[in-house]
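Residue numbers (the working numbering), protein chains in the order written: chain D, 7 to 240; chain C, 8 to 256; chain Z, 4 to 412.
Working notes, beginning with the structure itself.
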């Protein structure tokens, strides 16, 4: 198994006040291979989002290490993390995903512009993703003119437009009805399949959990299950 | 004060005057002024300055010789006592005992009020001769008076445009003088009254100066002549700057 | 990359159009006020100086040694001084005028006032002091007999005289006698220099000398230069060439140190005004930017999560505030220039405050001045204010972890 993400003895503790500290993750060790389609599930407060934020380099662990490819991201400084987020990770949040001052098209292009991709490349990528995600009609609208589902699709488009190696999605279906949730999951699977993106989703939605090839269950900050469904190991 | 000077000497005229048999205005005036500045006079007088707030009295002694030499000493009130003034020719000096200084009064201060009265320093000094500075004519007469109308000559350095002088036929003394400006507006009036014998002649013992300009009617200055002596010898020494200090005591 | 930052900043401002416009207007309005005040006040000061230079001090003035302490008729400059090469053909000198000064008393039937008698060669004085512009009534002429006089406006008012009226001038001559002379009011000037307006009586210099019993000489030689910056240079030249034991050579600012002080005070005042604008602009932008950054924390969080660096966000926020400042600057500078240009041309008529202004020796019509440094200083002040105003919000952004920002709402 070709490990893409290596998590070793990860601890994350939140200092809620001077005396009280709440452990969010306790001694988590995981391996995620390239091209995986993994779902982290567990009840609310089990540490799913915390783990995702640590993987997305949005937060730093209290203890333990995270490697992304050959890079030990848990040891990097903030300034060194920006290019990692920009070039290697795509993030889809639960809600309010988009930059409100930009149109859907501009949102999708945003990371590519950060990367300095050519106008032509941006346009063809937008066209390609818009087709796949069925958002051609929405491209010139601003986020506040889009429904939750539409916003979520645009967010996915932005997250993958820059061709990241890893797509993180935090409760992506939470604000969607089941039809839209299914469509979104279809899409993520398709991207995983077509573009080889490693997908890691946190969710306690059974629709999502059922699609997982690699299922990780957290409870009270600990990994209580970590297994592959249908012998579907990549 | 020019008037004070001038008319303080009018008495002079009359003492020796034989009544004039009427003549033209020029000679009336000429005659009057010749006698006016003819000789010496020593006068003790009180000057009372009044306005809305009250009145203020000063007393002084005046020594004059001819028309261009005059020495004045303040004798009352105590705070001003000993202040002396000397006018010789065209200059005016003042001695202030409190600071023991002789001050030459500059031209710029000449028209400031003299000791707070309606007379100015300039009145004291100005060598203005009615007969020289004004054209005159008799504008009216009756059994007791002549009224002379005096208009300023073009080149004469006098501020008045016109004077009306009411002269008593009996004494050849002024009863009233009205001062008009160039626009013929009455600016002030000087009235003479209380004719009585003083120093051997008939002399007006009260002169009353009343400004007539708008806003100034409430001010006035009155001079009461208390004693007068004429034709005495006044030592030359009196009209010197040394005398300012010496005679101050 | 810059294009993206520009794009983001521009969009952010556009999204809060009302607020952006308001802060721009606020900066613009305070800048307009600042420029207006600077232009008018500087105009006032410079006019005051100009009036004094023309009507009295010149850029340089020559007096007999000791005259200024004791201005007697015995301390005069000789007529022969005017024939000195350095004064006759000096390329630095634009105009010169001699003045014969003395104090006297001017009387009418109504009132009397102390006056500064100024015997002048009228033709020269008209050019030198720019009297034609100052004439308020009558004409600039001493009459065929030389008995005409030109009075300061304030003096004429106090004596209640008008053109054509007779006035009596008394003064002590060189022999200490008090002489009197009848003059006729031919003209009334309003120089804007209060001591002049309240005291001055111009008369023919020959007539004046005769009146005061002086056969030759004059009290002051006033020089105006082509370029006032050469004043000190000419002063040095004259001090070298002329006998300075007999002659005092003084610059206008030595004669009127208060005016120079006035200029310094104005400079300080302008600086304080700039500071005020800096504060107003700073506070305005700070308020707007703080709110705008704090309410967009989530937005910045997303931007950081997808890979935007803090430097980029900082550049964007700085650009936003700078754009606001620049907008305000353009608005304020534009309207300020337009307003000042109008007042440069037409002047600001302050006749309502005539008395007060004249008491300070100022004109009632103030012509504004425009100096480039008004704009550079204001621009710097605004840009500094804009930069300073985003320091705090940016610090807050920088200190937080991305996840904290992302989760703030």
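Virtual Cβ for every residue (Gly too), placed ideally from N, Cα, C.
If you're wondering where the values come from, they're calculated on a predicted model, not measured in any experiment.
- Taking C-beta atoms as the reference points, residue 125 of chain D and residue 144 of chain D fail to come closer than 8 Å.
- Taking a cut-off of 8 Å for Cβ pairs, the stretch 195-211 of chain C and the stretch 66-84 of chain C do not touch, as fewer than three such pairs fall below it.
- Residue 221 of chain D and residue 391 of chain Z have their C-alpha atoms spaced approximately 51 Å apart.
- One alpha carbon belongs to residue 21 of chain D, the other to residue 304 of chain Z, and they sit about 21 Å apart.
- Annotation: residue 76 of chain D is outside any beta strand (DSSP E) and is labelled neither H nor E by DSSP.
- Look at residue 264 of chain Z here: in three-state DSSP terms it is helix.
- The contact set of residue 184 of chain Z on chain C, defined by CB atoms closer than 7 Å, consists of 164 in chain order.
- For the stretch 54-98 of chain Z, the continuous beta strand (DSSP E) assignments of 3+ residues that do not extend past its boundaries occur at 63-67, in sequence order.
- Annotation note: the stretch 138-183 of chain C contains the following uninterrupted beta strand (DSSP E) runs of length 3 or greater, listed N- to C-terminal: 141-148, 152-159 and 169-175.
- Between the alpha carbons of residue 323 of chain Z and residue 59 of chain D lies a gap of roughly 30 Å.
- Rounded to the nearest whole angstrom, the CA to CA distance from residue 187 of chain Z to residue 198 of chain Z is 22 Å.
- Taking the Cα of residue 257 of chain Z as reference, the smallest distance to any Cα among Z:142, Z:344, Z:56 and Z:10 is reached at Z:56.
- For residue 100 of chain C, the enclosing beta strand (DSSP E) begins and ends at 98-103.
- Legend: CB atoms of the stretch 112-125 of chain D lying less than 9 Å from CB atoms of chain Z belong to residues 112, 116, 117, 119, 120, 121 and 122.
- Restricting attention to beta strand (DSSP E) runs no shorter than 3 residues, the stretch 126-196 of chain Z encloses them at 138-141, 151-155, 169-175 and 181-192, ordered along the chain.
- Among the residues of the stretch 187-220 of chain D, none has a Cβ less than 8 Å away from any Cβ of chain Z.
- 8 Å or more divides the Cβ of residue 34 of chain Z from the Cβ of residue 371 of chain Z.
- In the DSSP assignment, residue 370 of chain Z forms no beta bridge with any residue.
- Check the Cα spacing between residue 217 of chain Z and each of Z:149, Z:233 and Z:75: the tightest is with Z:75.
- In terms of Cα proximity to residue 213 of chain Z, the closest of Z:203, Z:182 and Z:360 is Z:182.
- Going by beta carbons, residue 116 of chain Z and residue 162 of chain Z fall inside the 8 Å limit.
- Under the DSSP assignment, residue 101 of chain D falls outside any beta strand (DSSP E); it carries neither an H nor an E label.
- Between the stretch 146-153 of chain D and the stretch 86-100 of chain D there are fewer than three inter-stretch CB-CB distances shorter than 8 Å, so the stretches are not counted as touching.
- Listed along chain Z, the residues sitting closer than 9 Å to residue 167 of chain C by beta-carbon distance are 112.
- A Cβ of chain C is located within less than 8 Å of the beta carbon of residue 171 of chain Z.
- DSSP, read as helix, strand or coil, puts residue 126 of chain C in coil.
- Z:367 is the residue among Z:277, Z:367, Z:348 and Z:350 whose C-alpha sits nearest the C-alpha of residue 356 of chain Z.
- Inclusion of residue 31 of chain D and residue 56 of chain D in the CB contact set at 8 Å is warranted, their separation being smaller than that value.
- Contact annotation: in the stretch 70-89 of chain D, residues whose CB is within less than 9 Å of a CB in chain Z are 84, 85, 87, 88 and 89.
- No Cβ of chain Z is located within less than 8 Å of the beta carbon of residue 51 of chain D.
- With fewer than 16 neighbouring CB atoms inside 10 Å of its own CB, residue 219 of chain Z falls in the exposed class.
- The C-beta of residue 60 of chain C has fewer than 16 other C-beta atoms within 10 Å across all chains shown, which makes the residue exposed.
- Between residue 351 of chain Z and residue 369 of chain Z, the C-beta spacing is below 8 Å.
- Here residue 195 of chain C carries a strand assignment [DSSP, helix/strand/coil].
- Contact between the stretch 120-135 of chain Z and the stretch 98-109 of chain Z is present: 3 or more CB-CB pairs across the two stretches fall below 8 Å.
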